[in-house]
Amino acid sequence: MAENPISPTVPFDRDGTHHGFLRLPYSRDDSAWGSVMIPITVIRNGDGPTALLTGGNHGDEYEGPVALQNLALTLTPEDIRGRVIIVPAFNYPAFEAGTRTSPIDKGNLNRSFPGRPDGTVTQKIAHYFDSVLIPMADIVLDFHSGGKTLDFVPFASAHVLENKAQQAACVAAVEAFNAPYTAIMLEIDNAGMYDTAVETKGKVFVTTELGGGGTATARSIAIAKKGVHNVLCHAGILQGELERHPTVMLDMPDERCFVFCETGGMIEPVVDLGEDIIEGDLLAKVWPMGSTGRKPSEYRAKRPGILMARHLPGLIKPGDCLAVVATVV
Ligand SMILES: [Zn+2]
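According to my numbering, the sequence shown is numbered sequentially starting from 44.
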């Protein structure tokens, strides 16, 4: 197989703080020998564990990029033992455009793993992480939120894994992140995910959904900053106490958690994020557009719990995820 064309401008094995780029050659109309420049910071102080911290896997989610820009500016080698690799905007072309997927190739980075060294720009980014950066890491934290079309109660999560010792290590790291909600997640579509690439390499993995709407709030950013600090302490890279607050444990045991829209139209929410739900509760109505005097479609909860996520824009299409109901453990 071809070699990955990305070259880092920073060293990974030298002590100190190194700000630079992952440079990915990208020949195009406005720059024949141009490159995609993905910002990266490597901070190292001797031997010890390595944390790989990423935001902007989807380009319209902002808690990770904001928390990681802060961390790259303020964390010093003296603060740590081991190594911290910070990539605030993982799918940089998508981040630059403010879109979920890359404007170059429409690549959804979180569906592009393990990637290809000779593929599209997005596939090359995935392949570089899969073959170079993930293998360096002991613990990986990937920030997400809902982007422009979803909104979530703020949670950190681990996945159900076949290797129960690895799952327990992931859950411990997620509990250290200490978001207001902590979820054990069932993925509805895990092929090609960064999560799966990290987990199949036996690493400890923490992911989040901290809000949504294509923006961030003061509250969601505070959760992200505290979470990354706690995860670095948990990993033994930072010294210091974890800051812990009560968290609500959530479970997503099966596909009945997800409510998909079968009609298009205008959403009338009936419950808001975080509200308690019993099975059969009306979650939302979807009004047909274009005429009056017609009844809305009704969408009901298929299990009890809380409203964990919802479709955010006021209009919805058939097939869109309307709501997610998670069980409170
Ligand atoms: Zn995302």
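All residues carry an ideal CB built from backbone N, CA and C; glycine is no exception.
1. Taking 7 Å as the cut-off, is the beta-carbon of E104 closer than that to any non-hydrogen atom of ligand 1?
2. Is it right to say Y274 is buried, meaning 16 or more other beta carbons lie within 10 angstroms of its own, or is it exposed?
3. Between the beta-carbon of R66 and the beta-carbon of S78, is there less than 8 Å?
4. Would you say the beta carbon of N233 comes nearer than 7 Å to a heavy atom of ligand 1?
5. Please classify Q282 as buried or exposed, where buried requires at least 16 other C-beta atoms within 10 Å of its C-beta.
6. Since C213 is in the alpha helix (DSSP H), which residue starts that stretch and which ends it?
7. Please state if the CB of G279 and the CB of R124 are separated by a distance shorter than 8 Å.
8. Just checking G150 against ligand 1 - is the residue's beta carbon closer than 7 Å to any of the ligand's heavy atoms?
9. Applying the criterion that 16 or more other CB atoms from any shown protein chain within 10 Å of the CB defines a buried residue, is T335 buried or exposed?
10. Near T240, what residues of its chain come up, given a Cβ to Cβ distance below 7 Å and the 5 sequence neighbours on each side ignored?
11. In the DSSP assignment, what are the bridge partners of L95?
12. Give me the Cβ distance between V371 and V291, rounded to the nearest whole Å; I'm assuming they're in contact under 8 Å.
13. Between G141 and the rest of its own chain, which residues show a CB-CB distance below 8 Å, the 5 nearest in sequence each way excluded?
14. Are there 16 or more other CB atoms within 10 angstroms of the CB of M179, so buried, or fewer, so exposed?
Taking the definition as stated:
1. Yes, since a heavy atom of ligand 1 falls inside the 7 Å radius drawn around the Cβ of E104.
2. Residue identity check: residue 274 is Val in the sequence provided, not Tyr. Buried.
3. Taking 8 Å as the Cβ cut-off, R66 and S78 qualify as a contacting pair.
4. Flag unset: Cβ of N233 not near ligand 1.
5. Flag for Q282 reads exposed.
6. In the DSSP assignment, C213 falls within the unbroken alpha helix (DSSP H) covering K207 to F220.
7. Yes.
8. Answer for G150: no, Cβ out of range of ligand 1.
9. With fewer than 16 Cβ atoms within 10 Å of its Cβ, T335 is classed as exposed.
10. Before going on, a small fix: residue 240 reads as Ala here, not Thr. Cβ within range, chain order: F156, P157, D173 and I177.
11. DSSP output for L95 lists I128 and V183 as bridge partner(s).
12. The distance from the Cβ of V371 to that of V291 is about 6 Å, consistent with a contact at the 8 Å cut-off.
13. Correct list, in chain order: G102, D103 and G257.
14. Under the 10 Å beta carbon count, M179 is surrounded by fewer than 16 other beta carbons and is classified as exposed.
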